[in-house]
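Next up, the structure:
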């Protein structure tokens, strides 16, 4: 298993030494070397592309993927091309971290303590009639409006502090109505 990274490093070293060696000029039939500025620029662009591809290949093979926490060796820049977009640091995209206490599930930041579709763990949905309270699926109660976490959940249909789930609050002028924060004009 150790031979693979060593082989890749040797290949990278050989490639870098061959690319950084003095360029060889191809002579045209009239005997002049291709030293025009456009030819020199084209060789430089080709070298940069080869180095960029080599960096990505080595990073992908050594670490399993390109990671935004590991910048490209030749540029020091994170391309985030093959990143794991289900990590808390790159949830759904490069440089998209989750808030404290949230986890990344299928590219979205969620609070596992009160998310109906990801209750306690990503991909762990509660049944339709259950609530996710403190990371556990528990049955709802239409009459026991209280703190999430007992043997029964709160009445999420009408409770302004727990409207529709454990973590949604309705603030004035909105009130909880059938599990949704809704506006009522009480004039």
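Residue numbers (mature numbering (1 follows the signal peptide of the UniProt record, and there is no 0)): -21 to -1, 1 to 166. In this text, a Cβ means the ideal position worked out from N, Cα and C, and glycines have one as well. Being a predicted model, the structure only gives us computed values, none of them experimental.
- Query: Taking the alpha carbon of residue 78 as the point to measure from, which residue in 85, 71, 89 has its own alpha carbon closest?
  - Reply: Within the chain shown, the letter at position 99 stands for residue 78. It is 89.
- Message: Which same chain residues end up closer than 7 Å to residue 143 when comparing Cβ atoms and leaving out the 5 residues on each side of it in sequence?
- Response: As a first step, residue 143 must be located in the chain shown, where it is residue number 164. Counting only Cβ-Cβ distances below 7 Å, and skipping sequence neighbours, we find 135, 158, 159.
- Query: Which residue or residues does DSSP assign as beta-bridge partners of residue 154?
  - Reply: To locate residue 154, count along the chain shown from 1; it is residue 175. Residue 154 is bridged by DSSP to 161.
- Item | CA-to-CA distance, residue -9 to residue 100, given in whole angstroms | Start at 1 with the first residue of the chain shown, and residue 100 comes out as number 121. Start at 1 with the first residue of the chain shown, and residue -9 comes out as number 13. In this structure, the CA atom of residue 100 is about 44 Å from the CA atom of residue -9.
- Buried or exposed (CB count within 10 angstroms, at least 16 for buried), residue 83: Your numbering for residue 83 matches position 104 in the chain shown. The residue is buried, with at least 16 neighbouring Cβ atoms inside 10 Å.
- From 94, 151, 85, residue whose alpha carbon lies closest to that of residue 72: Taking the first residue of the chain shown as 1, we reach residue 72 at position 93. If we check each option's Cα against that of residue 72, 85 comes out closest.
- Query: Which word fits residue 161, buried or exposed, when buried means at least 16 other C-beta atoms lie within 10 angstroms of its C-beta?
  - Reply: Translated into positions along the chain shown, residue 161 becomes position 182. Counting Cβ neighbours within 10 Å, residue 161 comes out exposed, since fewer than 16 surround it.
- Message: By alpha-carbon positions, which one of 163, 119, 153 ends up nearest to residue 145?
- Response: Taking the first residue of the chain shown as 1, we reach residue 145 at position 166. Here the closest residue by C-alpha is 119.
- If you drop the 5 nearest sequence neighbours on each side, which residues of the same chain put their C-beta closer than 7 Å to that of residue 75? In the chain shown, residue 75 corresponds to position 96, counting from 1. Taking residue 75 as the centre and dropping the five residues before and after it, the same chain places the C-beta of 69 closer than 7 Å to its C-beta, in chain order.
- Message: Between which two residues does the beta strand (DSSP E) holding residue 104 run?
- Response: By 1-based counting over the chain shown, the position of residue 104 is 125. For residue 104, there is no enclosing beta strand (DSSP E), since its DSSP letter is neither H nor E.
- Task: Would you mind stating whether residue 116 and residue 93 have Cβ atoms separated by less than 8 Å?
- Result: Stepping through the chain shown from its first residue, residue 116 is reached at position 137. Stepping through the chain shown from its first residue, residue 93 is reached at position 114. Taking the C-beta atoms as reference points, residue 93 is found no nearer than 8 Å to residue 116.
- Same chain only: Cβ atoms within 7 Å of residue 105, ignoring 5 sequence neighbours per side: Sequence index remark: in the chain shown, residue 105 carries index 126 (1-based). Residues of the same chain with a CB within less than 7 Å of the CB of residue 105, apart from the 5 flanking positions on each side, are 95, 98, 111, 116 in chain order.
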